[in-house]
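Enquirer:
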Amino acid sequence: LTAKLKDVSLVSDRALIAGEWVGAAESGKTFDVTNPSTGEVLATLPDMNRVEAKRAIDAAYKAQKGWAKRTGKERAAVLRKLFDLMVQNADDLATILTAEMGKPFVEARGEILYGASYVEWFGEEAKRLYGDVIPGHLSDKRIVVIKQPVGVVAAITPWNFPNAMLARKMAPAIAAGCAMVSKPARETPLSALALGVLADRAGVPAGIFNVIPSKDSPAMGLEFTENSKVRKLTFTGSTEVGRILARQGAEQILKLGLELGGNAPFIVFDDADIDAAVEGAMVSKYRNNGQTCVCANRLYVQSGVYDVFAKKLADRVSAMKVGDGFEHGVNAGPMIDKKALAKVEEHIEDALSKGARIQVGGKPHEKGGLFFQPTVLTGVTAEMKMAREETFGPVAPLFKFETEEEVVKLANNTEFGLASYFYSKDVSKIFRVAEELEYGMVGINTGLISTEVAPFGGIKQSGQGREGSKYGLDDYTEIKYLCLSI
Ligand code: ADP
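Numbering (the UniProt record's numbering), first residue to last: 7 to 492.
1. By Cβ distance below 8 angstroms, which residues in the same chain neighbour Asp53 in space, the five residues on each side in sequence not counted?
2. Buried or exposed: Lys189, going by 16 or more other Cβ atoms within 10 Å of its Cβ?
3. Would you mind giving the Cβ-Cβ distance between Glu228 and Gly469, rounded to the nearest angstrom? I have them listed as a contact below 8 angstroms.
4. Touching or not, the stretch 456-471 and the stretch 129-137, by the rule of three or more beta carbon pairs under 8 angstroms?
5. Per DSSP, Thr194 forms a beta bridge with which residues?
6. Can you check the stretch 392-452 for any beta strand (DSSP E) of at least 3 residues that lies completely inside it and give the ranges in chain order?
7. What is the DSSP secondary structure of Pro224, reduced to helix, strand or coil?
8. Tell me, which residues are paired with Gly263 by DSSP?
9. Less than 8 angstroms between the C-beta atoms of Ser43 and Gly296, yes or no?
10. When DSSP labels each residue in this structure, what does Asp90 get in the three-state scheme?
11. Whole angstroms is fine: what's the gap from Gly335's alpha carbon to Ala105's?
12. Work out the CA separation of Gly78 and Lys147 for me, nearest whole Å.
13. Go ahead and pull the three-state DSSP assignment for residue 2.
14. So, at 8 angstroms on beta carbons, what are the nonlocal neighbours of Asp356 in its own chain, with the 5 sequence-adjacent residues on each side left out?
15. If you follow the alpha helix (DSSP H) that Phe128 is in, where does it begin and where does it stop?
16. Is it the case that the CB of Gly243 approaches a heavy atom of the ligand ADP more closely than 7 angstroms?
17. Where does Met186 sit, in a helix, a strand or coil, going by DSSP?
18. Residues in its own chain within less than 7 angstroms of Thr8 by CB, not counting five upstream and five downstream?
19. Please find out if some non-hydrogen atom of the ligand ADP comes closer than 7 angstroms to the beta-carbon of Leu7.
20. Taking the straight line between their C-alpha atoms, what separation do you get for Val39 and Arg56?
21. Going by other Cβ atoms of all chains shown within 10 Å of its Cβ, with 16 needed for buried, is Gln258 buried or exposed?
22. Using the three-state DSSP reduction, which class does Asn269 fall into: helix, strand or coil?
23. My understanding is that Ala179 touches Tyr482, with C-beta atoms under 8 angstroms, so please give their C-beta distance in whole angstroms.
24. With 8 angstroms set as the bound, which would you pick, yes or no: does the beta-carbon of Ile259 sit closer than that to a beta-carbon of chain B?
25. Return the first residue and the last residue of the beta strand (DSSP E) that Trp27 is part of.
26. For the ligand ADP, any of its heavy atoms closer than 7 angstroms to the Cβ of Ser223?
27. With C-beta atoms as the reference, is residue 497 less than 8 angstroms away from Thr245?
28. Between Lys153, Tyr306, Glu58, which has its C-alpha nearest Asn419's C-alpha?
29. Measuring straight from C-alpha to C-alpha, what distance separates Glu333 and Pro110?
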């Protein structure tokens, strides 16, 4: 890995705690980070436990008070510097990301710039943490509302966007005047540590941003939820783990930000621009090899255009190049691990046994390892696992539907409510369907909805809270109301 980097100091094999880089001497245990494309060991990291987590929380608690007292403009300047450093080092950060996670280098670079955009945005917003003046309820009363940082925030992030999922939590936290203790996914801690290196260089004070790699996530989750110095937990990952953390946090009424699983419907109506819909499906379904929580999971295509859509999509998919993210022209990397690969195989097997047909792909890739063929299935129905569970892989299952009413019902028939997409040219239908879909986000005639200027988040069991936009900053503040008698 280091041979590919301009600045090797971006790869850290230590934890960042209280402004210091701490090795395995403290925890006594280590774990390996491997490249999913090759199996190569990239680094051996200290496997931190609750003791270190507690130490980081104590440091964050102490440092936060001073950070909160700085002006918004001062905090903005530090975040601006961090943004600039991320952009300047985008190639190296993307190289680290592709090495530990597998996604194509071009996508990894896109993720770095996407992550950086949150740092830029929230830095700008730091200066605009406005409160309110409310006319008094009695003639001698004056009411003022101020916003204050929540305090120490713990963050747990997943492996599918190792940079951006952390950047969009740390940036608003730091902008608002909070301090953060983060635990990256054990598969991809190097990108989080690289962000720590740059945060340090940008002038984020010691203790304000801590990164603790650990293999024992349940232990970290317990410290993060039980330690009373932690005032908010922000988590991106599965609904299953989100539920565990919410339960654990209930004891101290912990404030939660949860970005959980999705089961995104992608609807193509007869009146849609089919080429645009195919393009949108490619982006929404196959980005990150189908391993994003906003990936189209169920493609509902109206009967009048079903066959033509299936053919056009299958043609595009069969032209995809699978391989090591560093290979030129690759647009699908490996699955993250064997379990992820097995789930894709299981979902396909289940669908085939109940009557679905393969249009393209359907099997592990000839390259072996963790590679899987990008797949399109037709004849998929509500009885199949794919209709209910997140496949989280490069498989597009095509369901056929007849009416608008029917498809809205099918689309909403899930406990999840993160992203949804549909294609239509009929303005009235666009408003009707957009309002009826029970989702936090709706992409209309587009397959790509993520941006730092908009509120990202889900309803139902897909989570609570929003990341990005002015709403994302509010999630890291508490409202205080001052009642003054004159
Ligand atoms: P996925 O691996 O499918 O993205 P997970 O919810 O399993 O989703 O993982 C997301 C993050 O949560 C990772 O950082 C993982 O290490 C962490 N994690 C997993 N189980 C727990 C737990 N019981 N408590 C706290 N964190 C956990």
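Every residue, glycine too, gets a C-beta built ideally from N, C-alpha and C.
Expert: Concretely, from the data shown:
1. Answer for Asp53: Ala30, Ser33, Lys35, Thr36, Phe37, Pro219, Ser220, Lys221, Asp222, listed in chain order.
2. buried
3. The sequence given here has Leu at residue 228, not Glu. Actually they are not in contact, since the Cβ atoms of Leu228 and Gly469 sit about 21 angstroms apart, beyond 8 angstroms.
4. no
5. The partner list for Thr194 (beta bridge, DSSP) is empty, contrary to what the question assumes.
6. As summarised for the stretch 392-452, the continuous beta strand (DSSP E) elements at least 3 residues long and confined to that stretch are 401-407, 425-429, 447-450, given in chain order.
7. helix
8. Thr240
9. Contact: no.
10. Note: Asp90 maps to helix in three-state DSSP.
11. 16 angstroms
12. 29 angstroms
13. Not covered by the structure: residue 2. The range shown for the chain is 7 to 492.
14. Met390, Lys391, Met392
15. 111-131 is the extent of the alpha helix (DSSP H) around Phe128.
16. yes
17. strand
18. Closer than 7 angstroms at the Cβ level, and outside the excluded window around Thr8, lie Val14, Val17.
19. No, the beta carbon of Leu7 sits no closer than 7 angstroms to any heavy atom of the ligand ADP.
20. 20 angstroms
21. exposed
22. coil
23. 5 angstroms
24. Looking at the structure shown, chain B is missing, and only one protein chain is on hand.
25. 26-28
26. yes
27. An answer regarding residue 497 cannot be provided, because it is not within the stretch 7 to 492 covered by the chain.
28. Tyr306
29. Distance between the alpha carbons of Glu333 and Pro110 is about 8 angstroms.
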